[in-house]
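These notes concern the structure reproduced below.
Residue numbers (this note's numbering): -13 to 216.
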């Protein structure tokens, strides 16, 4: 069964990115196409929230094939995207939670927008309330949702005995117990994202697929198989 590796070293962050680039270099065209399609679909409200976990699982499957020196054909890019029922259930949960968060934000925005302000003090108070509610009902929940959906598609893909909700919790917990390494990795992602944008955004054709590929190697570092789930 799956357990969390609680001692992932900081230097692993660079190793993940290195392995991601090596994998991308093996099948660049396939990963670029899949990266472009998944990025565009991810921007579509609702539809993107549902399909993003499925594409994350697909990237992991293709990365594993490259790692095992197996062929990665163009026909495989979107093949059996809905085959794993555990991942599909996770995708539906992601859609529902994202919808709830956006709905709450919509009501907060519209409620505050209708407040009558009679003084500058009232305006300042309203801005403070608005910022607090936005953080409480949108920013923090979305950050937690992103953490829960980071590793959970791969957990569901490779562990059919683990439910989507368990997978989401394991994803959050694995990042939490390795917080220093995860923070360092996030800084590396920010740095290389800026570099990718500088040459007219052309670097994103490499960087965006790499960000999806790297999840496979992070998963292999954060989780190990043992008798019990931590």
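From the three backbone atoms N, C-alpha and C, an ideal C-beta is built for every residue, glycine too.
Problem set entry | Counterpart residues of residue 210 in DSSP-defined beta bridges | -11
For this session: Would you check if there are 3 or more beta carbon pairs closer than 8 Å linking the segment 146 to 158 to the segment 64 to 81?
Result: yes
Exercise. Quick one: what's got a C-beta closer than 7 Å to residue 210's C-beta in the same chain, skipping five residues either side?
Worked result: -11 and -9
Exercise. Should the segment 47 to 67 be regarded as contacting the segment 82 to 97, the criterion being three or more beta carbon pairs within less than 8 Å?
Worked result: no
Exercise. What residue ranges within the segment -11 to 47 form continuous alpha helix (DSSP H) runs of no fewer than 4 residues, ordered along the chain?
Worked result: -2 to 12 and 14 to 28
Problem set entry | Pairwise C-alpha distance: residue -1 and residue 174 | 8 Å
Exercise. Any idea if residue 35 is buried or exposed, counting beta-carbon neighbours within 10 angstroms, 16 or more meaning buried?
Worked result: buried
For this session: Compute the Euclidean distance between the alpha carbons of residue 181 and residue 12, then round it to the nearest angstrom.
Result: 22 Å
Problem set entry | alpha helix (DSSP H) segment containing residue 135, residue limits | 126 to 144
Exercise. Taking just the CA atoms, how far does residue 96 sit from residue 81?
Worked result: 22 Å
Problem set entry | Chain-order list of residues whose beta-carbon lies under 6 Å from that of residue 37 (same chain, five-residue window excluded) | 27
Problem set entry | C-alpha gap between residue 6 and residue 23, whole angstroms | 19 Å
For this session: Could you check which residue in 43, 1, 21 and 32 has the C-alpha nearest to that of residue 139?
Result: 43
Exercise. Taking all protein chains shown into account, do 16 or more other C-beta atoms lie within 10 angstroms of the C-beta of residue 164, making it buried, or fewer, making it exposed?
Worked result: buried
Problem set entry | Top-ranked residue by Cα proximity to residue 137, from -7, 129, 204 and 56 | 204
Problem set entry | With 16 other Cβ atoms within 10 Å as the buried cut-off, status of residue 153 | buried
Problem set entry | Environment of residue 109 [buried if 16+ CB atoms lie within 10 Å] | Only weak support is given to the placement of residue 109: the predicted model assigns it a pLDDT of 49, under 50, and the value that follows is read from those uncertain coordinates. Flag for residue 109 reads exposed.
For this session: Apply the 10 Å Cβ neighbour rule to residue 66 and answer buried if 16 or more other Cβ atoms are within range, or exposed otherwise.
Result: exposed
Problem set entry | C-alpha gap between residue 141 and residue 135, whole angstroms | 10 Å
Exercise. How close, in whole Å, do the beta carbons of residue 63 and residue 39 come, if the pair is a contact with beta carbons under 8 Å?
Worked result: With a Cβ gap of about 16 Å, residue 63 and residue 39 do not count as contacting.
Problem set entry | From 162, 79 and 197, residue whose alpha carbon lies closest to that of residue 177 | 197
Problem set entry | residue 155 versus residue 169 - alpha carbon distance | 19 Å
Problem set entry | Residue nearest to residue 161 in terms of C-alpha spacing, selected from 183, 207 and 190 | 207
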